[in-house]
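S.K.: For the sequence shown, the numbering used here assigns the number 28 to the initial residue and increments by one for each residue that follows. All C-beta atoms, glycine included, are put in the ideal place defined by N, C-alpha and C.
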Amino acid sequence: MSESTIIVERSERVGVIRLNRPKAYNALSGILINELLDALRSFESDTNIGAIILTGNDKGFCAGADIKEQSELSFVNAYNQDYLKNLNDGFFAVHKPIIGVINGIALGGGCELAMMCDILYAAETATFGQPEITLGTIPGAGGTQRLIRAIGKSKAMHMILTGETISAKEAEAAGLVAKVLPLEEVFSAALKTASKIAGFSAPVVAMAKEAVNEAEELGLKNGLHFESRLYHATFGLEDHAEGFQAFLAKPKRTAQWK
Ligand code: HXC
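1. Could you name the residues of the same chain whose beta carbon sits closer than 6 Å to that of A225, not counting the 5 residues immediately before and after it, in chain order?
2. In whole angstroms, give me the CA-to-CA distance for M184 and A195.
3. What are the boundary residues of the alpha helix (DSSP H) that S98 is part of?
4. So, at 8 Å on beta carbons, what are the nonlocal neighbours of T154 in its own chain, with the 5 sequence-adjacent residues on each side left out?
5. Could you tell me the distance, in whole angstroms, from the CA atom of I146 to the CA atom of A217?
6. DSSP state of R173, grouped into three classes?
7. For Q157, does the count of other Cβ atoms within 10 angstroms reach 16, so buried, or fall short, so exposed?
8. Taking 7 Å as the cut-off, does the CB of E62 come closer than this to any heavy atom belonging to the ligand HXC?
9. Could you check which residue in T32, L46 and E197 has the C-alpha nearest to that of G127?
10. With a CB to CB cut of under 7 Å and the five nearest residues on each side skipped, what residues in its chain are close to A66?
11. Any idea what DSSP makes of A282, helix, strand or coil?
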């Protein structure tokens, strides 16, 4: 049997997925994508898991689509391939927050995979890029759509039309990345954040994630309406009563989430 292309671990309520194809800079082969989607599905259905971390290995985060695999595809085979849709749909189906820890290069599909995550932590040495133009193609897993939302049109166009990379600091300044930390600290900082999020009420975390994601789909008026409906829905949760009572207790106490 061939070796697994990912490593799956758990740290209390945090599920960790490490991309692991070191010989190909963790390139997204069809097998890797299937294994990644299986791992996401398994953490999503596990009530003991409250947040997920996706990261790379010592080769970095991910060098994008597997160029060798893709080079063998005809137009018809590429067109009929479902794996880009499956990848996007697989991430859309996860209600739990996914923190991407970008520990090195995130190129092409690797940058797109990073942008499928909900929060990004980057190592100081990380670089982000959409070099598809240098291969005679364009981003195919959300680069043209998500990058513009993350960093604006001019910077997104610049990256996509030149193929040039940006540094972690530039990514942070542009809003693509939440935090930049030294390589040796970035995973443990992300784990701490993931554990904190996983310690809150699971349904409330899921509703917060859904409401934020809907901002990209809905206009402001509909988005505000959607948010207020989810806000009202939290009033039906035992966790809502617990959170409010814990705050109002004298002395104030720590809420015990169900
Ligand atoms: C398959 C890859 C690969 C990739 C690297 N390798 N990237 N194999 N797919 N995306 C392989 C190389 O072929 C080589 O294999 C080994 O990894 C080491 O690569 P080198 O180039 O020798 O290493 P280095 O000089 O350190 O440069 C590393 C690198 C560079 C900066 C990551 O390899 C690179 O630029 N890779 C391509 C990045 C890219 O263009 N990504 C976009 C892909 S298109 P051998 O067997 O020779 O040792 C895309 C479209 C998205 O992502 C569509 C949706 C998913």
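M.R.: Taking the geometry as given:
1. R40, V41, G77 and A78
2. 18 Å
3. First-last of the alpha helix (DSSP H) with S98: I94 to S98.
4. G131, I132, A133, L134, T192, I193, S194 and A195
5. 9 Å
6. helix
7. buried
8. no
9. L46
10. Same-chain partners within the cutoff: I33, V35 and I44.
11. In the structure shown, A282 sits in coil (DSSP, three-state: anything other than H, G, I, E or B).
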